[in-house]
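What follows is a set of notes on a single structure, which appears directly below.
This is the structure:
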């Protein structure tokens, strides 16, 4: 029985596998046309698996030599580079039962030309050199010498029969692609995309067909939504559901998924998520703006800070704006970078406060009544929480998120930040007793932005097929708190204005 692959290149015999015909065709076309090209994608995005597939498809016609530069990080001299390079090359040739006597000791990188020549003489096959983890070669002098030799061969590639060279990395190899003398062309750079929704569903259906264990449609949607097609996360979530949360069960339910999601956010140390957090910490200020001042940071690949986060898979370009496209990453980053408001829980929900007074007889949430309680809290703590701090919009969001969470979770409900709805994201979504409440949050906006915000939340309400939604506006210019409603086409919008311009705690009444 096959399984969901959670590490390393995928073995089709033991793991469920998704075909990627479009990018495969593009890569094969480059090889046929004698092109030298680069391939990039964040870790666990399936790039090595893709290249292994390419090797399988071309090995009868050409001679692929697939080596990794993972161990090249400490190399300081050309002689050492050549020893390791030749050792890895020889090992790959022996695996294909190709025996070549390299009688001399190669000490110079330029002698790669002789090695390529000798391999062709013996095999009479065009050579495809595929180098994984290329970025690990961090000695700039050796890298430049190697690329110079590759460039030299490129100009006479039909003589040397080195048909294609493919460099694979976790990030965009800007120094190589932007060098006019380089044989590697920006136009021929391939980025390995995440799985599409159809590919995610195909992956899950393979398990269903082979085992008879079924994913509920809602669970499939949740896997797709939370991992956004990131191959490592998609397989990881599915593996945890199958092997731990729903092992032996015939149907994998939403309850199983909630347990998996909780463990991913609170218990497991997932290498994908840990890597994303570690990279984000290196650009903390920018990351805070992207997370907590959404739609305000324009994407620009020539900005070195943005470029760093993008190349390491932390952020994406969402129609010209920097964003965190993978919800699981967003949730982890949100939790890691959220403003620290330790000690506020007892102020938000004192001992004598109970969720019961905010529930209707049918178990639904009286959110407006709970918002009145929130305003009481803000009036008593607003000066401490909001005054004199360089806050982003998300700071208010987190404050409200934590407040609502204390009450809603007491009734076994959930508050979800930044939840996907159709083509957009709602700031907070409450799920309580099978009913959903949508909350959009804005801070210090003008009249035009206010109208746009109302239009946005109304669109989310329509997409969800519900009748009510909440728009919470924090402002440092209003004189007092205010609540108004607007009704249009069967949709009721509850708008709360929250004052944030406090002088000090003693003067707040």
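Residue numbers (my numbering): 395 to 903. For each residue, glycine too, the CB sits at the ideal point set by N, CA and C.
For residue i, three-class secondary structure by DSSP
{"i": "residue 818", "result": "strand"}
{"i": "residue 414", "result": "coil"}
{"i": "residue 831", "result": "strand"}
{"i": "residue 893", "result": "strand"}
{"i": "residue 428", "result": "coil"}
{"i": "residue 409", "result": "strand"}
{"i": "residue 759", "result": "strand"}
{"i": "residue 743", "result": "coil"}
{"i": "residue 509", "result": "helix"}
{"i": "residue 531", "result": "coil"}
{"i": "residue 782", "result": "Any reading at residue 782 must be qualified, since the residue scores a pLDDT of 49, below 50, and its modelled position is unreliable; the value itself is stated next. Here residue 782 sits in coil by DSSP."}
{"i": "residue 885", "result": "strand"}
{"i": "residue 489", "result": "helix"}
{"i": "residue 802", "result": "helix"}
{"i": "residue 590", "result": "coil"}
{"i": "residue 661", "result": "coil"}
{"i": "residue 632", "result": "helix"}
{"i": "residue 641", "result": "coil"}
{"i": "residue 502", "result": "coil"}
{"i": "residue 847", "result": "helix"}
{"i": "residue 464", "result": "coil"}
{"i": "residue 603", "result": "helix"}
{"i": "residue 404", "result": "coil"}
{"i": "residue 567", "result": "coil"}
{"i": "residue 942", "result": "Within the shown structure, residues of the chain are numbered from 395 to 903, placing residue 942 beyond reach of any answer."}
{"i": "residue 797", "result": "helix"}
Span of the alpha helix (DSSP H) around residue i
{"i": "residue 961", "result": "Summary: the structure shown does not reach residue 961, with the chain confined to residues 395 through 903, and so no result is reported for it."}
{"i": "residue 443", "result": "441 to 452"}
{"i": "residue 711", "result": "Taken as a continuous stretch (DSSP letters only), residue 711 belongs to no alpha helix (DSSP H), being part of the beta strand (DSSP E) at 710 to 712."}
{"i": "residue 380", "result": "In the structure displayed, the chain extends from 395 to 903; residue 380 sits before or after that span and is not available."}
{"i": "residue 469", "result": "From DSSP, residue 469 is part of no alpha helix (DSSP H); its letter is neither H nor E."}
{"i": "residue 497", "result": "Neither: residue 497 is in no alpha helix (DSSP H) and is coded neither H nor E."}
{"i": "residue 724", "result": "721 to 731"}
{"i": "residue 665", "result": "665 to 675"}
{"i": "residue 623", "result": "Where residue 623 is concerned, there is no enclosing alpha helix (DSSP H), given that its DSSP letter is neither H nor E."}
{"i": "residue 682", "result": "678 to 686"}
Cross-strand partners of residue i (DSSP beta bridge)
{"i": "residue 458", "result": "522"}
{"i": "residue 609", "result": "646"}
{"i": "residue 837", "result": "868"}
{"i": "residue 930", "result": "As displayed, the chain neither begins before 395 nor continues past 903, which places residue 930 out of reach and without an answer."}
{"i": "residue 692", "result": "715"}
{"i": "residue 774", "result": "Partner(s): none; residue 774 has no beta bridge."}
{"i": "residue 584", "result": "433"}
{"i": "residue 753", "result": "759"}
Beta-carbon spacing of residue i, residue j below 9 Å
{"i": "residue 476", "j": "residue 505", "result": "yes"}
{"i": "residue 421", "j": "residue 457", "result": "no"}
{"i": "residue 403", "j": "residue 446", "result": "yes"}
{"i": "residue 585", "j": "residue 433", "result": "yes"}
{"i": "residue 561", "j": "residue 520", "result": "no"}
{"i": "residue 831", "j": "residue 797", "result": "no"}
{"i": "residue 503", "j": "residue 472", "result": "yes"}
{"i": "residue 625", "j": "residue 412", "result": "yes"}
{"i": "residue 430", "j": "residue 578", "result": "yes"}
{"i": "residue 507", "j": "residue 547", "result": "yes"}
{"i": "residue 594", "j": "residue 618", "result": "yes"}
{"i": "residue 894", "j": "residue 776", "result": "yes"}
{"i": "residue 654", "j": "residue 639", "result": "yes"}
{"i": "residue 851", "j": "residue 824", "result": "no"}
{"i": "residue 681", "j": "residue 731", "result": "yes"}
{"i": "residue 834", "j": "residue 728", "result": "no"}
{"i": "residue 856", "j": "residue 880", "result": "no"}
{"i": "residue 621", "j": "residue 722", "result": "yes"}
{"i": "residue 650", "j": "residue 558", "result": "no"}
N- and C-terminal bounds of the beta strand (DSSP E) containing residue i
{"i": "residue 398", "result": "No beta strand (DSSP E) holds residue 398; DSSP gives it neither H nor E."}
{"i": "residue 558", "result": "556 to 563"}
{"i": "residue 881", "result": "876 to 882"}
{"i": "residue 715", "result": "715 to 717"}
Heavy atom of the ligand ATP within 8 Å of residue i beta-carbon
{"i": "residue 851", "result": "Absence of the ligand ATP from the depicted structure is noted, as is the absence of any ligand whatsoever, leaving it without description."}
Inset, instruction - Please confirm if the stretch 700 to 720 is in contact with the stretch 738 to 745, defined as three or more CB-CB distances below 8 Å between the two stretches. - result: no
Legend entry - Sufficient close CB pairs (3 or more, under 8 Å) joining the stretch 524 to 535 to the stretch 483 to 496: no
Inset, instruction - Could you say if the stretch 599 to 619 and the stretch 699 to 707 meet the contact criterion of at least three C-beta pairs nearer than 8 Å? - result: no
Inset, instruction - Take every Cβ of the stretch 666 to 673, pair it with every Cβ of the stretch 682 to 698, and state whether three or more of those distances are shorter than 8 Å. - result: no
Inset, instruction - Assess, as a yes-or-no matter, whether the stretch 538 to 552 is touched by the stretch 586 to 594 under the definition of 3 or more beta carbon pairs within less than 8 Å. - result: no
Inset, instruction - Could you say if the stretch 852 to 867 and the stretch 885 to 894 meet the contact criterion of at least three C-beta pairs nearer than 8 Å? - result: yes
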